[in-house]
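236 is the number of the first residue of the sequence shown in the working numbering; add one for each residue after it. Even for Gly, the Cβ is constructed at its ideal location relative to N, Cα and C. A quick write-up on the structure given underneath.
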Amino acid sequence: MSRENIQIDDNGKLCHFLTIEGLQRELLTEILDTAESFSGLTGQPVKKVPLLRGKTIVNLFFEPSTRTRTTFELAEKRLSADVLNINLAASATTKGETLLDTLRNLEAMHTDMFVIRHADSGAAHFFARHAAPGVSIINAGDGRHAHPTQAMLDMFTIRRHKGEFTGLKVAIVGDILHSRVARSQIHALNILGAEEVRVVAPDTLLPSGITELGATPYHDLSEGLEDVDVVIMLRLQRERMQGAMLPSEDEYFECFGLTEKRLSAAKQDAIVMHPGPINRGVEIDSTVADGPRSVILQQVSHGIAVRMAVMSMAMQQPDLERGAE
236 MSRENIQIDD
246 NGKLCHFLTI
256 EGLQRELLTE
266 ILDTAESFSG
276 LTGQPVKKVP
286 LLRGKTIVNL
296 FFEPSTRTRT
306 TFELAEKRLS
316 ADVLNINLAA
326 SATTKGETLL
336 DTLRNLEAMH
346 TDMFVIRHAD
356 SGAAHFFARH
366 AAPGVSIINA
376 GDGRHAHPTQ
386 AMLDMFTIRR
396 HKGEFTGLKV
406 AIVGDILHSR
416 VARSQIHALN
426 ILGAEEVRVV
436 APDTLLPSGI
446 TELGATPYHD
456 LSEGLEDVDV
466 VIMLRLQRER
476 MQGAMLPSED
486 EYFECFGLTE
496 KRLSAAKQDA
506 IVMHPGPINR
516 GVEIDSTVAD
526 GPRSVILQQV
536 SHGIAVRMAV
546 MSMAMQQPDL
556 ERGAE
């Protein structure tokens, strides 16, 4: 993205967070550093800071979500914001109201930020382009396009264990084709300086143009995992598949499921990640998911600090002018 990059204001500060693509390494590092400063709150008796006191955040989840929605809500409350969760199953959108009318009506209630998850790629950009000045949009996942906060909490987890990104080899394994998480991870790893990003999947689950995105494709799991520092497993997104893209889940696990034996191809100190939800026995064996090299639950915990960082950075613009009257 260019200055078409509406995520950045004229001072180079974050005002929306829609995608990793096109952002600078310094900004991603600032997000990680800010998240680090929030991570200590977990051990405090009062897990709150007053940074967003008096601000109103609306969570608009047009798709089901447990981890992402919950960690966003916790992050918002720990920043002391007023939080509103819209029940979309009972909202006016089910009566034919357009996305733009939904946005306008909620803005009229003096909303300062929207957190949006939508099945259509580009939905978050649409909201950002039509939002009133000073209203921030955070993408909580849009179609197959992007899931930037998930990618940043994954980067936070990697940095906690590996220190620097330079020299790291990372393998992303599974349903790359339908994964907005994988796209955001590939952008983030390349921007932060990882040595090599591999994607490991059957042909039917790899998108065209993956090498142009900055990843090297592998079709053999053992080869793809050889000497890597980080293994990121992905969920099979059956709900997004059209037609038979796999012979069976048993055969998929036989070829691409992560077991202790297959993990032995990676470096001895390699960590195992998964954005969830996990399909045990399909993508990953329980002995690995619950094993000593798994950092899957740490990813969930880190999601709160990273989302606090993103929201506080996007909302704290010095020349903020709220558009809603």
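Asked                                                                                                                                                                                        : Found
Quick check on DSSP: helix, strand or coil for residue 349?                                                                                                                                  : strand
The alpha helix (DSSP H) with residue 418 in it runs from where to where?                                                                                                                    : 415–427
Do you know offhand how far residue 539's Cα is from residue 318's?                                                                                                                          : 15 Å
Go ahead and pull the three-state DSSP assignment for residue 284.                                                                                                                           : coil
Please confirm if the region 367–381 is in contact with the region 399–411, defined as three or more CB-CB distances below 8 Å between the two stretches.                                    : no
With distances taken Cα to Cα, identify the nearest neighbour of residue 548 among 260, 240, 368 and 268.                                                                                    : 268
Say whether the region 453–463 touches the region 418–429, bearing in mind that this needs 3 or more beta-carbon pairs closer than 8 Å, one atom from each stretch.                          : no
Please report how far the alpha carbon of residue 431 lies from the alpha carbon of residue 270, in whole angstroms.                                                                         : 25 Å
DSSP state of residue 431, grouped into three classes?                                                                                                                                       : strand
Just to confirm, does residue 536 get its C-beta within under 8 Å of one of the non-hydrogen atoms of the ligand SAM?                                                                        : Absence of the ligand SAM is noted for the structure shown, with no ligands found whatsoever.
Taking contact to mean at least 3 C-beta pairs separated by less than 8 Å, is the region 515–522 in contact with the region 484–499?                                                         : yes
Go through its chain and collect everything with a Cβ distance to residue 454's Cβ below 6 Å, but skip five positions before and after it.                                                   : none
Using CA atoms only, rank isn't needed, just tell me which of 323, 397, 292 and 434 is closest to residue 464.                                                                               : 397
Per the contact definition of three or more C-beta pairs closer than 8 Å, is the region 342–351 in contact with the region 433–446?                                                          : no
What does the Cβ neighbour count give for residue 335, buried or exposed, with the cut at 16 atoms within 10 Å?                                                                              : exposed
Please work out which residues of its chain come closer than 8 Å, Cβ to Cβ, to residue 537, disregarding the five sequence neighbours upstream and downstream, and give them in chain order. : 270, 274, 388, 391, 392 and 395
Within this structure, are the beta carbons of residue 255 and residue 359 separated by less than 9 Å?                                                                                       : no
Can you name the start and end residues of the beta strand (DSSP E) that residue 547 belongs to?                                                                                             : From DSSP, residue 547 is part of no beta strand (DSSP E) but of the alpha helix (DSSP H) over 531–550.
Which whole-angstrom value describes the C-beta separation of residue 351 and residue 321, a residue pair presumed to lie in contact below a C-beta threshold of 8 Å?                        : About 10 Å separates the two Cβ atoms, so there is no contact after all.
Which of the three DSSP states is assigned to residue 361 in this structure?                                                                                                                 : helix
Buried or exposed: residue 385, going by 16 or more other Cβ atoms within 10 Å of its Cβ?                                                                                                    : buried
Relative to the alpha-carbon of residue 546, which residue among 421, 313, 332 and 447 has its alpha-carbon at the smallest distance?                                                        : 313
Along the beta strand (DSSP E) that carries residue 508, what are the first and last residues, could you check?                                                                              : 506–508
Going straight from the alpha carbon of residue 251 to that of residue 526, what length do you get?                                                                                          : 37 Å
Do you know whose CA, among 276, 278, 243 and 277, lies nearest residue 261's CA?                                                                                                            : 243
Have a look at residue 362 and residue 302 and give me their C-alpha separation to the nearest angstrom.                                                                                     : 23 Å
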